[in-house]
Amino acid sequence: MTRKIIHLDLDAFFCAVEALKDPSLQGKAFAVGGRPEYRGVIASCSYPARKYGVRSAMPTARALQLCPELILLPGHHSDYRDYSEKVMAQLDNLTSLIEQISIDEAFLDVSDLRAPAAQIASELQRVIWEQLSLPCSLGVATNKLVAKIANDVGKSSARTGKPPMAITVVPPGEEAGFMSNLPIERLWGVGPKTAAELTSTLGIATIGELARWPPADLERRFGRHGVDLSLRARGIDDRPVTPEHDVKSISHETTFATDVVDGDELRRTLYRLAEDVGRRLRRAQLAGATVKLKLRWSDFTTLTRQATLPEPTDRDAVICQVALELLSANRPQGKPVRLIGVGVSNLRSPSEQLHLWDDASVKSKRLQEALDRVRERYGRDAIQRATQLERDDDD
648 MTRKIIHLDL DAFFCAVEAL KDPSLQGKAF AVGGRPEYRG VIASCSYPAR
698 KYGVRSAMPT ARALQLCPEL ILLPGHHSDY RDYSEKVMAQ LDNLTSLIEQ
748 ISIDEAFLDV SDLRAPAAQI ASELQRVIWE QLSLPCSLGV ATNKLVAKIA
798 NDVGKSSART GKPPMAITVV PPGEEAGFMS NLPIERLWGV GPKTAAELTS
848 TLGIATIGEL ARWPPADLER RFGRHGVDLS LRARGIDDRP VTPEHDVKSI
898 SHETTFATDV VDGDELRRTL YRLAEDVGRR LRRAQLAGAT VKLKLRWSDF
948 TTLTRQATLP EPTDRDAVIC QVALELLSAN RPQGKPVRLI GVGVSNLRSP
998 SEQLHLWDDA SVKSKRLQEA LDRVRERYGR DAIQRATQLE RDDDD
């Protein structure tokens, strides 16, 4: 049976949600992102803003240079998460074979449905628009690789200053032909370094040229990666749509507006980051045995250090304590810090070690659950540790 795979991507998702909350933003150049004075970057920008050259991941300061009238909004991630869940619920009405790969992006396998894939995609786009007022674009093909590339091509071809709402279909057997004239950078697995090597060494600039190159020579030059490149260039991809995937790690980090020397501020920041990581672990019903600390100095040198616990944890205090110990062991006294981050890996279900808990652990768990309930209702700052509060010099 020929597979029918759909790749769905919500158009400028964060901005679309913001425009739903504030209809006056419709048709205006605006973006969701961090403030320029805090080294912010653009997380999402409206299509009118893109006409000025504003793009996601661009420094906010640069975006404001390109578009001085740009309306800058802070992110409201709980709203984005809620709308994402509503979209995924619509997909679930269609098929159980859904692989969500980000908050605004997913693959669907609709091979078992009788209707043509293009018709299914069109109906899905209509439902999401009519039920949720969110624009989306879709790529349709026989595999994930080509469906994703098709969607990227369809979205990039629309230059109207409005959400593209594109549907791009690649019929069975036309995968290689569809991709043939696209630059090799469009192909999964071809980053800037590989693209430069393919172009400078072999004169390969398009996916079609890569598809026609002898597979054996690509294997000789690039090993197993060369075999994969040859297959992908010919539109061959047998990876299944996987409804669930394992989370490898959970982390949070922050870049300071100005490099931080003060140890108390670094410790307060670590507490906040550890709370964010712990909350996400508990929501996912996971615990981790390895705590990681990430540091970036003022010269952009970055280091990562980690420590493994005797037992997995999802407790904020435990995560923070290990992170603080790593900070103390790896930061020279007074060395300025540009970025700091906390992560937990080596994840598993907390139930796997319940039998090891003593009375103190159970009390700690109940206290953490109570804190979570209060913060969920009243906000993260409703309850804070004394060590997180800035000292008043008069006290």
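The numbering of the sequence shown is this note's numbering, which starts it at 648 and goes up by one.
From the three backbone atoms N, C-alpha and C, an ideal C-beta is built for every residue, glycine too.
message = Comparing C-alpha positions only, which one of I750, E746 and K733 sits nearest to H724?
response = Position 77 of the sequence shown, counted from the start, is the residue given in the question as residue 724. H724 has its Cα closest to that of I750, out of I750, E746 and K733.
message = Just to confirm, is the Cβ distance from P890 to E732 under 8 Å?
response = By 1-based counting over the sequence shown, the position of residue 890 is 243. By 1-based counting over the sequence shown, the position of residue 732 is 85. For P890 and E732, no; Cβs fall outside 8 Å.
request  = Please list, in chain order, all residues of the same chain as D729 whose beta carbon is under 7 Å from its beta carbon, the five residues on each side excluded.
outcome  = Position 82 of the sequence shown, counting from 1, holds the residue named residue 729. Contacts found: none.
Straight-line Cα distance separating G988 from T901 = Here residue 901 refers to the residue found at position 254 when the sequence shown is read from its first residue. Here residue 988 refers to the residue found at position 341 when the sequence shown is read from its first residue. If I take the Cα positions, the gap works out to 6 Å.
message = Taking its Cβ as the centre, do 16 or more other Cβ atoms sit within 10 Å of A710, making it buried, or is it exposed?
response = The sequence position of residue 710 within the sequence shown is 63, counting from 1. Buried, because 16 or more other Cβ atoms sit within 10 Å of the Cβ of A710.
request  = Just list the beta strand (DSSP E) runs in the stretch 801-888, keeping only unbroken ones of 3 residues or longer that don't cross its boundaries, in chain order.
outcome  = 814-816
key: CB contact check: R952 to chain B, cutoff 8 Å   = No chain B appears in the structure shown, which is made up of a single protein chain.
ask   = Using the C-alpha atoms, what's the distance from P683 back to L920?
value = As a position in the sequence shown, residue 920 is number 273, starting the count at 1. As a position in the sequence shown, residue 683 is number 36, starting the count at 1. C-alpha of L920 to C-alpha of P683: approximately 22 Å in a straight line.
message = I'd like the list of long-range same chain contacts for K895, defined as Cβ closer than 8 Å, with 5 residues on each side in sequence excluded.
response = Indexing the sequence shown from 1 puts residue 895 at position 248. Around K895: S992 and L994.
task = Count the other C-beta atoms from every protein chain shown that fall within 10 angstroms of the C-beta of M648, then say buried if there are 16 or more, exposed otherwise.
result = Counted from its first residue, the sequence shown places residue 648 at position 1. Burial call: exposed.
Continuous beta strand (DSSP E) stretch holding H1043: start and end = This structure does not reach residue 1043, given that the chain is present from 648 up to 1042, and the question cannot be answered.
ask   = Which stretch, first to last residue, makes up the alpha helix (DSSP H) that contains F677?
value = Indexing the sequence shown from 1 puts residue 677 at position 30. Element bounds for F677: not the alpha helix (DSSP H) but the beta strand (DSSP E), F677 to G680.
message = Taking 7 Å as the limit between beta carbons, can you name the residues of its chain near P830, skipping five residues before and five after?
response = Working through the sequence shown from its first residue, we reach residue 830 at position 183. Result list for P830: A852 and T853, in chain order.
query = Shortest alpha-carbon distance to W835 belongs to which of S671, A904 and D799?
reply = Counting from 1 along the sequence shown, the entry for residue 835 is found at position 188. Residue D799 is the option with its Cα nearest to W835.
inquiry  = My output table needs one value for V734: the three-state DSSP class, helix, strand or coil.
reply    = Translated into the one-based positions of the sequence shown, residue 734 becomes position 87. Three-state DSSP puts V734 in a helix.
inquiry  = Do T951 and A936 count as a contact pair if the criterion is CB distance below 8 Å?
reply    = The count along the sequence shown starts at 1 and reaches residue 936 at position 289. The count along the sequence shown starts at 1 and reaches residue 951 at position 304. No. Outside cutoff.
inquiry  = Pop quiz: A708 and C692 are said to be a contact at Cβ under 8 Å. What is the actual Cβ separation, rounded to whole angstroms?
reply    = Within the sequence shown, the letter at position 61 stands for residue 708. Within the sequence shown, the letter at position 45 stands for residue 692. Going by Cβ atoms, the distance from A708 to C692 rounds to 14 Å, so no, they are not a contact pair.
ask   = How is S975 classed by DSSP in three states: helix, strand or coil?
value = Position 328 of the sequence shown, counted from the start, is the residue given in the question as residue 975. If DSSP states are grouped into helix, strand and coil, S975 belongs with the helices.
inquiry  = Would I603 and A794 be called neighbours here (beta carbons separated by less than 8 Å)?
reply    = This structure cannot settle anything about residue 603, because the visible part of the chain is limited to 648 through 1042.
request  = Below 6 Å CB to CB, which residues in the same chain sit around P862 once its five sequence neighbours on both sides are set aside?
outcome  = Taking the first residue of the sequence shown as 1, we reach residue 862 at position 215. So the list reads S877, once near-sequence residues are dropped.
query = For the candidate residues V965, R886, G910 and A904, whose alpha-carbon lies nearest to that of R650?
reply = On the sequence shown, position 3 is the one that residue 650 refers to. Of V965, R886, G910 and A904, the residue nearest in Cα terms is R886.
Residue interval of the alpha helix (DSSP H) (run including Q953) = As a working mapping, residue 953 is identified with position 306 in the sequence shown. Where Q953 is concerned, there is no enclosing alpha helix (DSSP H), although the beta strand (DSSP E) it sits in stretches over T949 to T960.
key: Opening and closing residue of the alpha helix (DSSP H) in which I750 lies   = Taking the first residue of the sequence shown as 1, we reach residue 750 at position 103. No alpha helix (DSSP H) holds I750; DSSP gives it neither H nor E.
query = Does the beta-carbon of N828 have 16 or more other beta-carbons within 10 angstroms, so that it is buried, or is it exposed?
reply = The residue labelled residue 828 in the question sits at position 181 within the sequence shown. Flag for N828 reads exposed.
ask   = Over what stretch of residues does the alpha helix (DSSP H) that includes D923 continue unbroken?
value = Within the sequence shown, the letter at position 276 stands for residue 923. Per DSSP, D923 belongs to the alpha helix (DSSP H) from G910 to R930.
ask   = What is the rounded straight-line gap between the Cα of A970 and the Cα of L738?
value = The count along the sequence shown starts at 1 and reaches residue 970 at position 323. The count along the sequence shown starts at 1 and reaches residue 738 at position 91. Rounded to whole angstroms, A970 to L738 spans 39 Å at the Cα level.
Rounded straight-line distance, which links the Cα of V787 to that of V816 = Mapped onto the sequence shown, residue 816 falls at position 169. Mapped onto the sequence shown, residue 787 falls at position 140. Looking at the two C-alpha atoms, the distance is approximately 5 Å.
key: Residue environment, R926, which counts as buried when at least 16 other CB atoms sit within 10 Å   = Taking the first residue of the sequence shown as 1, we reach residue 926 at position 279. R926 should be labelled buried.
request  = Using DSSP bridges, identify the partner residues of K791.
outcome  = The residue labelled residue 791 in the question sits at position 144 within the sequence shown. Answer is none; K791 lacks a bridge partner.
query = By how many angstroms is the C-alpha of G990 removed from the C-alpha of V688?
reply = Along the sequence shown, read from residue 1 onward, the residue named residue 688 stands at position 41. Along the sequence shown, read from residue 1 onward, the residue named residue 990 stands at position 343. C-alpha separation (whole angstroms): 22 Å.
message = Under DSSP, the alpha helix (DSSP H) around R709 begins and ends at which residues?
response = Here residue 709 refers to the residue found at position 62 when the sequence shown is read from its first residue. Here the alpha helix (DSSP H) through R709 covers T707 to L713.
query = Helix, strand or coil: which one does DSSP assign to S671?
reply = Here residue 671 refers to the residue found at position 24 of the sequence shown. If DSSP states are grouped into helix, strand and coil, S671 belongs with the helices.
request  = Could you check if N740 is buried or exposed, using at least 16 other CB atoms within 10 Å of its CB as the buried criterion?
outcome  = Position 93 of the sequence shown, counted from the start, is the residue given in the question as residue 740. Counting Cβ neighbours within 10 Å, N740 comes out exposed, since fewer than 16 surround it.
ask   = Helix, strand or coil: which one does DSSP assign to S758?
value = Taking the first residue of the sequence shown as 1, we reach residue 758 at position 111. Note: S758 maps to coil in three-state DSSP.
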